[in-house]
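Working notes for the structure below.
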Amino acid sequence: MIFRPNSLFLPALFILLVQPLLCLAQEGGKTLEVESGYYYRVEKGDTLWGICERFYDSPWVWPDIWEKNPNIANPHWIYPGQRIRIFSRKAVKPLPGIRPKPQAAAVGPPSPHYMYPAIDSIGFIRKEPVSPCGSIFKVKENKIMVSKGDLVYVRPLAKSTFRKGDLFTIFRILKLPGKREKLGVQHFILGIARIREVGSKFAVAEIVRSFRDIGSGDFLMPYKARSPRIVLAKSKEGIDGKIISSEEHSSIFAANDIVFLDKGMKDGVKAGQSYTVYYQEKQAAPRGQKPLLLSPVDYGTILVLRAEKTTSTAIITRAKKAIQPGAKIRTVESELK
30 MIFRPNSLFL
40 PALFILLVQP
50 LLCLAQEGGK
60 TLEVESGYYY
70 RVEKGDTLWG
80 ICERFYDSPW
90 VWPDIWEKNP
100 NIANPHWIYP
110 GQRIRIFSRK
120 AVKPLPGIRP
130 KPQAAAVGPP
140 SPHYMYPAID
150 SIGFIRKEPV
160 SPCGSIFKVK
170 ENKIMVSKGD
180 LVYVRPLAKS
190 TFRKGDLFTI
200 FRILKLPGKR
210 EKLGVQHFIL
220 GIARIREVGS
230 KFAVAEIVRS
240 FRDIGSGDFL
250 MPYKARSPRI
260 VLAKSKEGID
270 GKIISSEEHS
280 SIFAANDIVF
290 LDKGMKDGVK
300 AGQSYTVYYQ
310 EKQAAPRGQK
320 PLLLSPVDYG
330 TILVLRAEKT
340 TSTAIITRAK
350 KAIQPGAKIR
360 TVESELK
């Protein structure tokens with residue numbers, strides 16, 4: 030017998046099949062329900078940090094949400110219309126051992142700020158390298174590509190001791206490109222590890238965050254939680270410096286790249302300040318006279334994320350054209366008026 034559906038059967042079947050995927054009425058239709066959670070559509074002004082605080086009552090779950098959403102290339106760069114998968118609370122956990130410190134009740138409107146969720150991954154330059162408290166001497170199962178959840182064997186250094194549950198930042202010391210040794214050495218941040226087992230001569234650590242390739246010979250230093258909320262601050266008047274290099278030692282830089290500056294806290298530079306990237310051409314002059322300096326031309330903007338004594342780490346927030354090592358930076362002119 031051939032079954033022929035009537036006109037009432039097809040609409041009913043459609044509702045039964047599609048109903049679980051219909052948009053919810055809450056949040057103005059910005060969330061789409063799926064079997065294991067929701068899709069949230071990003072709106073102007075949203076940050077990954079703020080979205081996590083909204084849906085999970087804790088901004089500290091952002092690393093897990095970032096990992097579960099491979100479409101997010103940079104956690105500090107999400108845009109209106111982008112869809113983010115919001116999972117059930119049981120499926121999302123904050124980074125082990127990290128909890129936000131209690132904050133006093135806010136008085137008045139919140140300070141203008143910039144959110145950079147990947148704050149734990151940015152490196153820095155110091156004159157003298159940080160003394161490591163341990164080093165990785167073997168990766169379990171001899172894995173070449175180390176990722177979250179993998180185990181590594183670590184050896185204590187400089188009479189350091191390990192305790193189960195301790196968190197450490199994994200880093201590597203790099204020489205600066207070109208003839209810039211006098212500025213110091215680069216601390217290249219690779220990931221975060223948590224001690225799982227402690228032996229008499231070594232310990233076993235689990236990789237809880239992996240930013241870059243990790244392997245034997247990489248060092249450990251105590252992990253210090255840093256807020257991704259960068260409060261904006263007025264630029265220091267009179268700053269005129271240079272970009273040393275990018276974190277990845279690229280030959281050209283663009284927006285969202287991390288760079289190092291040759292100015293630091295002793296110069297009055299601190300996190301949250303913005304500076305312009307500029308160039309200044311010279312007009313040829315007759316023999317015996319000095320060339321005439323033309324008006325400076327701004328073509329980029331940087332925001333300081335971390336300041337050391339003599340250097341600082343910044344993100345390029347705007348670039349009209351490619352930026353290269355040695356590019357000049359100066360105080361934002363608009364702030365001086």
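Going by the numbering used here, the letters in the sequence shown line up with residues 30 to 366, in that order. Backbone N, C-alpha and C define an ideal beta-carbon position, used for all residues, glycine too. Note that this is a predicted model, so its numbers are computed, not measured.
Quiz item: Is Val-306 closer than 8 Å to Asp-327 when the C-beta atoms are compared?
Solution: The residue given as residue 327 occupies position 298 in the sequence shown. The residue given as residue 306 occupies position 277 in the sequence shown. Yes; because the gap between Cβ atoms is below 8 Å, this pair is in contact.
Practice problem: Report the partner residues of Thr-360 according to the DSSP bridge assignment. | Solution: Along the sequence shown, read from residue 1 onward, the residue named residue 360 stands at position 331. According to DSSP, Thr-360 bridges with Tyr-304.
Quiz item: Which whole-angstrom value is the C-beta distance of Phe-240 and Ile-259, which I expect to be below 8 Å?
Solution: On the sequence shown, residue 240 is found 211 positions in, with the first residue counted as 1. On the sequence shown, residue 259 is found 230 positions in, with the first residue counted as 1. Going by Cβ atoms, the distance from Phe-240 to Ile-259 rounds to 18 Å, so no, they are not a contact pair.
Practice problem: Give me the Cα-Cα distance between Gly-246 and Leu-321, rounded to the nearest whole angstrom. | Solution: For the purposes of this step, residue 246 is taken as residue 217 along the sequence shown, with counting starting at 1. For the purposes of this step, residue 321 is taken as residue 292 along the sequence shown, with counting starting at 1. Spanning the two alpha carbons is a distance of roughly 52 Å.
Self-check item: Integer Cβ distance of Leu-290 from Ala-343, believed to fall under 8 Å
Solution: Within the sequence shown, residue 290 is the residue found at index 261, counting from 1. Within the sequence shown, residue 343 is the residue found at index 314, counting from 1. Leu-290 to Ala-343, Cβ: 6 Å. Contact.
Quiz item: Given a threshold of 16 other Cβ atoms within 10 Å of its Cβ, counted over all protein chains shown, does Ile-173 qualify as buried or as exposed?
Solution: For the purposes of this step, residue 173 is taken as the residue at position 144 of the sequence shown. It is exposed - the Cβ of Ile-173 has fewer than 16 other Cβ atoms within 10 Å.
Exercise. Note down the Cα distance separating Val-227 from Lys-73, rounded to an integer number of angstroms.
Key: Walking along the sequence shown from the start, residue 227 turns up at place 198. Walking along the sequence shown from the start, residue 73 turns up at place 44. Whole-angstrom Cα-Cα distance: 47 Å.
Quiz item: Should Tyr-252 be labelled buried (16 or more other beta-carbon atoms within 10 Å of its own) or exposed?
Solution: Within the sequence shown, residue 252 is the residue found at index 223, counting from 1. Tyr-252 should be labelled buried.
Quiz item: Does the Cβ-Cβ distance between Ile-268 and Arg-359 come in under 8 Å?
Solution: Residue mapping note: residue 268 aligns to position 239 of the sequence shown, counting from 1. Residue mapping note: residue 359 aligns to position 330 of the sequence shown, counting from 1. Closer than 8 Å, so yes.
Practice problem: Starting from the C-beta of Ser-164, find all residues in its chain whose C-beta is less than 8 Å away, skip the five residues before and the five after it, and write them out in chain order. | Solution: Walking along the sequence shown from the start, residue 164 turns up at place 135. Val-183, Arg-184, Leu-186, Gly-246, Asp-247, Phe-248 and Leu-249.
Quiz item: Helix, strand or coil: how does DSSP classify Asp-86 here?
Solution: By 1-based counting over the sequence shown, the position of residue 86 is 57. Asp-86: coil per DSSP, three-state reduction.
Practice problem: Under the assumption that Trp-17 contacts Pro-257 (Cβ atoms under 8 Å), give the Cβ distance between them as a whole number of angstroms. | Solution: In the structure as shown, the chain begins at 30 and stops at 366. Residue 17 is therefore absent and cannot be evaluated.
Practice problem: Would you mind stating whether Val-71 and Gly-110 have Cβ atoms separated by less than 8 Å? | Solution: Residue 71 sits at position 42 when you count from the first residue of the sequence shown. Residue 110 sits at position 81 when you count from the first residue of the sequence shown. In contact: Val-71 and Gly-110 (Cβ atoms closer than 8 Å).
Self-check item: Assigned exposure category for Gly-355 - 16 Cβ within 10 Å defines buried
Solution: For the purposes of this step, residue 355 is identified with residue 326 of the sequence shown, where counting begins at 1. Flag for Gly-355 reads exposed.
Quiz item: What is the rounded straight-line gap between the Cα of Lys-271 and the Cα of Gly-220?
Solution: On the sequence shown, residue 271 is found 242 positions in, with the first residue counted as 1. On the sequence shown, residue 220 is found 191 positions in, with the first residue counted as 1. Taking the straight line from one Cα to the other gives about 28 Å.
Quiz item: Ser-280 bridges to which residues according to DSSP?
Solution: Position 251 of the sequence shown, counted from the first residue, corresponds to residue 280. Ser-280 is not bridged to any residue.
Quiz item: What are the boundary residues of the alpha helix (DSSP H) that Ile-94 is part of?
Solution: Looking up residue 94 in the sequence shown gives position 65. Element bounds for Ile-94: 91–97.
Exercise. Run the CB neighbour count on Asp-86, radius 10 Å, all protein chains shown included, and call it buried at 16 or more, exposed below.
Key: If you number the sequence shown from 1, residue 86 lands on position 57. Classification for Asp-86: exposed.
Quiz prompt | Ala-222 to Ser-176 span [Cα, whole Å] | solution = The count along the sequence shown starts at 1 and reaches residue 222 at position 193. The count along the sequence shown starts at 1 and reaches residue 176 at position 147. So the alpha carbons of these two residues sit roughly 11 Å apart.
Exercise. Taking Ile-352 as part of the beta strand (DSSP E), name the residues at either end of that continuous run.
Key: Locating residue 352 in the sequence shown gives position 323, where the first residue counts as 1. Unbroken run through Ile-352: none, as it is neither H nor E.
Practice problem: Scan the region 224–292 and note each continuous beta strand (DSSP E) run of 3 residues or more that stays entirely inside, going in chain order. | Solution: 232–239, 248–251, 258–260, 269–275 and 287–290
Quiz item: Do His-142 and Leu-334 have their CB atoms nearer than 8 Å?
Solution: Reading the sequence shown from its first residue, position 113 is the one you call residue 142. Reading the sequence shown from its first residue, position 305 is the one you call residue 334. Not in contact: His-142 and Leu-334 (Cβ atoms no closer than 8 Å).
Exercise. Below 7 Å CB to CB, which residues in the same chain sit around Trp-91 once its five sequence neighbours on both sides are set aside?
Key: By 1-based counting over the sequence shown, the position of residue 91 is 62. Cβ neighbours of Trp-91 beyond the five flanking positions: Leu-77, Trp-78, Cys-81, Pro-104 and Pro-146.
Quiz item: Since Gly-163 sits in a beta bridge, which residues does DSSP pair it with?
Solution: Here residue 163 corresponds to residue number 134 of the sequence shown, with the count starting at 1. The partner list for Gly-163 (beta bridge, DSSP) reads Pro-185 and Leu-249.
Quiz prompt | Selection from Glu-170, Lys-188 and Glu-210 that minimises the alpha carbon distance to Leu-180 | solution = The sequence position of residue 180 within the sequence shown is 151, counting from 1. Closest option to Leu-180, Cα to Cα, is Glu-170.
Exercise. Can you say whether Ile-281 is buried or exposed, counting buried as having 16 or more other CB atoms within 10 angstroms of its CB?
Key: Sequence index remark: in the sequence shown, residue 281 carries index 252 (1-based). Exposed.
Exercise. Compare the C-beta of Asp-86 with all C-beta atoms of chain D and state if any pair is closer than 8 Å.
Key: Considering every chain present, this structure includes no chain D. It has just one protein chain.
Quiz prompt | C-beta contact flag for Gly-293 and Ser-341 at 8 Å | solution = Indexing the sequence shown from 1 puts residue 293 at position 264. Indexing the sequence shown from 1 puts residue 341 at position 312. Result yes, Cβ atoms of Gly-293 and Ser-341 sit closer than 8 Å.
Self-check item: Spatial distance of Glu-96 from Ala-351 (CA atoms)
Solution: If you number the sequence shown from 1, residue 96 lands on position 67. If you number the sequence shown from 1, residue 351 lands on position 322. Their backbone Cα atoms lie some 30 Å apart in a straight line.
Practice problem: Grab the span of the beta strand (DSSP E) containing Met-144 for me, first residue to last. | Solution: The sequence position of residue 144 within the sequence shown is 115, counting from 1. Met-144 -> beta strand (DSSP E) spans 142–144.
Quiz prompt | Which listed residue (Arg-347, Ala-254, Lys-319 and Lys-295) has its alpha carbon closest to that of Val-288 | solution = If you number the sequence shown from 1, residue 288 lands on position 259. Nearest C-alpha to Val-288: Arg-347.
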